[in-house]
Structure formats: C-alpha cells, structure tokens
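Worksheet: the structure to be examined is printed underneath.
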Amino acid sequence: HFGSSVASYFIFLRWMYGINMILFGLTFGLVMVPEALMGKPYGSLPRKTVPRAEEATAMNFATLWDFSGFAQYSVLFYGYYNNQRTIGWLKFRMPLSYFLVGVGTIGYSFMIVIRTMAKNANDDGGGDDTSFNFSWKMFTSWDYLIGNPETADNKFASITTSFKEAIVEEQESRKEENIHLTRFLRVLANFLALCTLAGSGYLIFFVVRRSQKFALEGLENYGWWERNEVNMVMSLLGMFCPTLFDVISSLENYHPRIALRWQLGRIFALFLGNLYTFIIALMDEINLKASYLPLFNLEEEKIVKYNMTIWEASLYNGTIPENSTAPPIQVDPADVPRGPCWETMVGQEFVRLTVSDTMTTYVTILIGDFLRAVFVRFFNYCWCWDLEYGFPSYSEFDISGNVLGLIFNQGMIWMGSFYAPCLPAINVFRLHTSMYLQCWAVMCCNVPQERVFKASRSNNFYMAMLLFILFLSTLPAVYTIVSIPPSFDCGPFSGKTRMFEVISETLELDFPSWFGKVFGYASNPGLILPFILLMVLSIYYLNATSKSYKEANLELKKKLQSVRNREL
C-alpha cells in the first residue's frame, strides 16, 4: 500500500528486533540471572542496599521513574554487582562473565552487521534491470494461485504501487531542468541546513552548561524540567528538526531516493552531534561529581578505606583508638558511607534518555498522526477549506526520521549496556511495541507519499549508517574500559586498577602458566600490528577482486542485451 521505501523501514526494524533479542539473551542469561540467583541478596552489602537517607523515598513513583531508589540498587545497573570472583555453588565467575558479555555483544554486533551488508551486496548483481519494465509488470505480476479476497486486494495494491514507482523512475530519467536555478536552490538549502545544525549544537551546548550549573548547586533544589532538561531538549530537537529538513529539501528538486539520502545524512549529522554532546556533558558531570577519577590510585583508595575505619571506630565507642583489639562492630549496610559509583550514574543517564526518547516517539504518533487524522476526518465537513487536500491534511510516514531514530537509539543501547545490563531488555520492549504501534499508525492515520519511489538498496544504506554508529558507540565504552579506573566501592571490577585486569587475573589463577605466556606473546603489539596490516591488505585485495567480477558481470549483461536486440 505504501511502497518499498516504507516497507524497507519495517524490514529494518524487524531485523533490529532480532539482533536485540540476541543481546538481551546474553545480558539476561549470563549477567542478570546469575547475579539474582547465585549472588548475595539485597541488603547483604552496602552496594546492594539503599542508603538510609534515601529509604523514605526509595519506592516513590517519581523516584523509580527516575531509575533511582530500589531500581538503582538492583541488577538493572552496574553498581549492584559484587566483585567476588566466583558466586554460588556453580562457582560462576561473575566479573569475567560481565566483561566478556560486554565485549561479546559489541563483537557480535559488528559481525552480524557486516555479514548482512555483504549478503545485501551479493543479492544485487548490478546492471540495468529496467528493460521492458512495464511489460514485465503488466503480464507477469499477478499470482493466479491466490484464492483469498483479502490477499487479492493486497496483491492488487502492491501491483498498483509498483507501477507508480516505475512511473516515477521513468519521469526522473527524462526530466529536464534549469541547471543554474537548481544549483542555486541546492546551495541555499545546504546553507539553511548548516544553520539549523549550528543552532541545534549551540542550543545543546547552552543546555549542557545550565545542567552543569544545576548539578553544582544541587538538583534537589530544582524542579522536574531542570533535572531532565538535556534529555527533553535532545528529544524535542529530534522531533522538530527532521520536519524542518524536510521543508528545506523541497527546494533541491532531487530524485525522491536521492532526497531521502540527503535527508538521512542531515538528520544523521544532527543526531550524531546531539549524541556526542550528550557524552561530553556526561563525562563533565562525572568529573564534577567524582573529581577523584583522574587522580585515582591505590593510595587514595587506602585513604577512603581508612576514613571508613575511623567512622566505624567512632560509632563503636565514640573515640578513635590507635590500637584497638575490640571485635568488629556490626553495622547495617544502609548506614555505611560509600563512594560515588560513576558507572551506575552513566547507566542511569542512558536508561533515562532511552525511556524519554521512547515516550516522545509514542506521543508524536498519538498527537502528530492519530489526533491529526481524527481532526481532518471529522472537521473536514464543516471547515472553510478542504482539510484533506489542503492544510493540515493527513500526514505521511517519515521514513528518514524513523530510520535514524532507530539507528541512534541502537547506538545508545550499545554504548550504555555495559553500565546498565537492562538496556537490551528495554530496547526489545520498545521495538516490539513500536512495530505494532507504527504499523497501526501507518495503515490508519497516514497516506502514501505523493511520489512513491523504489527503495533500491536502501537497506544496505541503513546498514552502512548503523555500522558507523556502532563504531562510534564503541569508542567511549572502550575508552572507559582501558583508561578510566573503575569505582572502588561498587561493581564487579571494584578493587582493580583497570577493568580489563579481570582477563589477566583469570589467566593467572585458572589456566596453566604456559597458556598465560602464549596469550602474552599473542597480545604483543609487535605481532598484532603486522596481523592488522595483513588483514587490511587482504580486504583491499578482495574488494578489488569483487569490483573486477562486478564489471565483468555488467559487460556480460550488456552483451546479452545486444544479442537480444539484434534478434528482435
């Protein structure tokens, strides 16, 4: 009913749902369930207990909606997990499993995206497949085995839409235009798009500076909007800027397929700037709230632990003894002071941003599509002009905005799932509900585009953007794993200088000494760099070979077409 371009979005969404089901299975089955079943229960450790000062509001709806309180001190976030090497009667190695699942989800995502791109490229052999296009559609489109009326109606709509797509392709191939006017309008459109991007970046920068000021003064002194200002501004920009880009693109007079890619590129730049501005703001907030991180070392950990010892001694008898031989006192974990857990804070921000983006999407569908369609449908009879063909009319499905919203939401999942194992589960729920809600909105509230066009390898274009976002999403996670010390008071890597030390610890304690030496030699940069160079040369060779085969294939097609034309 709506053409292959709209169908390509739902095919892409269904594919993303399958990927997230795998990610959810890894995090749920190898991280969250083992900790819930075999780890120490809630209330046994300070990291697993709500502080005494927060107990009164820990179960309030506003607190839980903000993913604080009991939600913060649960298996949903990094800080809840203990640093004990093995847990339960299975001797399950939780820190090692947590690290390997985080790395494995990224590796699996890279593998499946690249594999899908290669498969899509193989499916398209290239060449001109439009010869006698209308004749083929006219005489070979119908399926004579159809016996169901509803299926017949859908097939009729599909054939009609394919004819519309073919007509647009034929019109675009024969179109004549004023080249000078077209170039001027395209330069003007790009200038307006750059101004919009610059304004968006400045607005986010301004809001981030305000949020840092609020964080320094204490967020409890401000209302809901000030606490969620960054998330809401990013969601609103993601909602309105694509519409503005769509208006700007009408000046360029591109082929609909090329116009879609320009639209995707502009919204991609917008979302990318928003995402990395958010990350920079988050790192600044971490440095403000936990300024010890850049200078963190074992000596400072000893100082904090000594301060905790002093606190316990002062609780015991009100004094600070130099040499005390008294038995250790029993203190409720809720009363024990604890250091800041920056990993949980990062995970909370990503979860909040994902939830707010999901809610914004649903509200946009209900208001921008459903209520608009209801207004046009029932007020058209008593209005001054025709609402269906004038303003506001029924809305069209926004392919570019929805595709890029899906891609950047997945980027946040990849980036934040290491700090919040619950993120893949939230994304599975979001994709599942989005599939049915958006299908309903398209069929009931939207109308097909005025110029329906053939998708033509759009899925591979989506995959290329997804691969780029995957690469950019792994950079902050890899940086924190390699460079930033983990919090000493929470999480499965507490007590270590770097998170990746869990690998060397496992090799040292659980494997023979010769295996550790072999692994050390294999991880030597002198061996890794030549291996990477060999891989790059192999990829270059295979790419050149693939291009030569494709060119030979095109030549063979041309020869077959010339032979056919001579016979005709």
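The UniProt record's numbering applies: residue 1 is where the sequence shown begins, and numbers increase by one. Quick reminder that beta carbons are idealized off the backbone N, C-alpha and C, glycines included. This one's a predicted model, so the numbers in the text were calculated from it and none came from an experiment.
Three or more C-beta pairs below 8 Å linking the segment 75-82 and the segment 333-350: yes
Beta-carbon proximity list for Gly127, same chain, < 6 Å, skipping 5 on both sides: Confidence is the limiting factor: at Gly127 the pLDDT is only 49, short of 50, which leaves the residue's position unreliable and the question unanswerable from this model.
7 Å Cβ shell around Thr360 - same chain, five flanking residues per side excluded: Ser235, Met239
Helix, strand or coil at Phe92 [DSSP, three-state]: strand
7 Å CB neighbourhood of Asn297 in its chain, flanking five on each side removed: Reliability fails at Asn297, whose pLDDT of 44 lies under 50, so the model's placement of it is uncertain and no value is given.
Under the three-state DSSP convention, the category Gln561 falls into: helix
Residue environment, Met535, which counts as buried when at least 16 other CB atoms sit within 10 Å: exposed
Reduced DSSP secondary structure (H/G/I, E/B, other) of Leu295: With a pLDDT of only 40 at Leu295, under the threshold of 50, the placement of this residue in the model should not be trusted, and no figure is reported.
Where Met16 falls, given that 16 or more other Cβ within 10 Å makes a residue buried: buried
CB of Leu96 within 7 Å of CB of Val502, strictly: yes
Three-state secondary structure assigned by DSSP to Ser250: coil
Endpoints, alpha helix (DSSP H) assigned at Gly25: 4-27
For Val447, three-class secondary structure by DSSP: strand
Bridge-paired residues (DSSP) for Glu396: Val447
Inter-residue Cα distance where the pair is Leu467 and Ser109: 9 Å
Option in Met32, Pro46, Val31, Phe10 with minimal Cα separation from Val336: Pro46
Local Cβ density within 10 Å of Leu373, reported as buried at 16 or more and exposed below that: What sits at residue 373 in the sequence shown is Ala, not Leu. Per the 10 Å Cβ criterion, buried.
Ile146, DSSP secondary structure in three states: coil
Helix, strand or coil at Ile484 according to DSSP, with G and I counted as helix: coil
Identity of the residues DSSP links to Ile87 by a beta bridge: Phe92
Span separating the alpha-carbon of Asp510 from that of Ser504: 10 Å
Pair within 7 Å by beta-carbon distance, Pro492 and Met32: no
Coarse secondary structure for Met232, derived from DSSP in three states: helix
Secondary structure of Thr319, DSSP reduced to three states: Any reading at Thr319 is ruled out, since the residue's pLDDT is 46, under 50, leaving its predicted position unreliable.
Option nearest Phe350 by Cα separation, candidates Trp385, Ser417, Val363: Ser417
Segment contact, 8 Å Cβ cut-off, at least three pairs: the segment 250-266 with the segment 376-394: no
Met499 versus Val103 - alpha carbon distance: 12 Å
Contact belief for Glu54 with Gly43 at Cβ below 8 Å, rounded distance in angstroms: Actually they are not in contact, since the Cβ atoms of Glu54 and Gly43 sit about 14 Å apart, beyond 8 Å.
Reduced DSSP category for Lys496 - H, G, I as helix; E, B as strand; rest coil: coil
Element boundaries [alpha helix (DSSP H), containing Phe519]: 513-522
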